[in-house]
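Asks: This structure is in structure tokens; I'll ask about it shortly.
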Ligand code: X6L
Ligand code: MG
Ligand code: MG
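Numbering (the numbering used here), first residue to last: 13 to 171.
Structure representation (structure tokens):
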């Protein structure tokens, strides 16, 4: 049974827009993609600004298959696992799957941290405004951190 699933993508190394573009182009079942936003880095060491976006998939893949897609996408971008929360060519996080909850050591859905973050919530709003509006506290977080997130434009024009 197909349902909507949402992936959050981020890049702050190299040709950031190209990493997002290529990642989204390589994903299956993409229904809609948010705008691209330039966002101030949150957590970790001092690092450069990110480009973030959110992809909406209409898919019957399992949560674990979706996690695997995220990991393959990061690998294709030559992501190097170095410092925790450090700069990366590509980060792809499984944010939400309609009607599904998973709580396993290596896979938690909905994503426990990311939808407390304006760099996720603001692009997420482009593709699922009602879902974001239903998340407790989301409106307040987006209002408080709006200045940390600047709209760049659609993905195809920013690569
Ligand atoms: C309490 C304390 C609650 C820390 C949450 C949340 C820490 C997210 C780190 C947190 C907490 C993170 C991106 C980024 C990272 C990104 C932007 C992280 C750490 N990824 N900043 N920082 N965009 N703008 O994609 O997400 S890694
Ligand atoms: Mg992340
Ligand atoms: Mg990640």
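Just so it is clear, CB atoms sit at the ideal spot from N, CA and C, and this is done for glycine as well.
Predicted model, so just to flag it, every value in this text is computed and none were measured.
Comparing alpha-carbon positions, which option in 17, 31 and 168 lies nearest residue 90?
Replies: What you label residue 90 is simply residue 78 of the chain shown in a count that begins at 1. Of the listed residues, the one whose Cα sits closest to residue 90 is 31.
Asks: Look at the Cβ atom of residue 163, then the Cβ atom of residue 49, and state whether they are nearer than 8 Å.
Replies: Translated into the one-based positions of the chain shown, residue 163 becomes position 151. Translated into the one-based positions of the chain shown, residue 49 becomes position 37. Yes; because the gap between Cβ atoms is below 8 Å, this pair is in contact.
Asks: Please look up how many angstroms separate the CB atoms of residue 56 and residue 95, rounded, as I've assumed it's under 8 Å.
Replies: Here residue 56 is taken as the residue at index 44 of the chain shown, counted from 1. Here residue 95 is taken as the residue at index 83 of the chain shown, counted from 1. Confirmed, Cβ separation roughly 7 Å.
Asks: Closer than 7 Å: is that where the CB of residue 98 sits relative to any heavy atom of ligand 2?
Replies: Position 86 of the chain shown, counted from the first residue, corresponds to residue 98. No, the beta carbon of residue 98 sits no closer than 7 Å to any heavy atom of ligand 2.
Asks: From residue 171 to residue 22, what does the alpha carbon distance come to, in whole angstroms?
Replies: The residue you call residue 171 lines up with position 159 of the chain shown. The residue you call residue 22 lines up with position 10 of the chain shown. Its pLDDT being 46, under 50, residue 171 is placed unreliably in this model, and the value from its coordinates should be taken loosely. Roughly 14 Å between the two C-alpha positions.
Asks: Count the other CB atoms within 10 Å of the CB of residue 80; is the residue buried (16 or more) or exposed (fewer)?
Replies: Stepping through the chain shown from its first residue, residue 80 is reached at position 68. Exposed: under 16 other Cβ atoms inside 10 Å.
Asks: Return the bridge partner residues of residue 109 from the DSSP annotation.
Replies: Translated into positions along the chain shown, residue 109 becomes position 97. DSSP output for residue 109 lists 17 as bridge partner(s).
Asks: Tell me, please, whether the stretch 121 to 140 touches the stretch 26 to 46 by the rule of three or more beta-carbon pairs shorter than 8 Å.
Replies: Flag = yes, the stretch 121 to 140 and the stretch 26 to 46 touch.
Asks: Whole angstroms is fine: what's the gap from residue 111's alpha carbon to residue 17's?
Replies: For the purposes of this step, residue 111 is identified with residue 99 of the chain shown, where counting begins at 1. For the purposes of this step, residue 17 is identified with residue 5 of the chain shown, where counting begins at 1. For residue 111 and residue 17, the distance between alpha carbons rounds to 10 Å.
Asks: Identify, in the order they occur along the chain, each residue of the same chain with its Cβ nearer than 8 Å to the Cβ of residue 149, setting aside the five sequence neighbours on each side.
Replies: Residue mapping note: residue 149 aligns to position 137 of the chain shown, counting from 1. Same-chain partners within the cutoff: 128.
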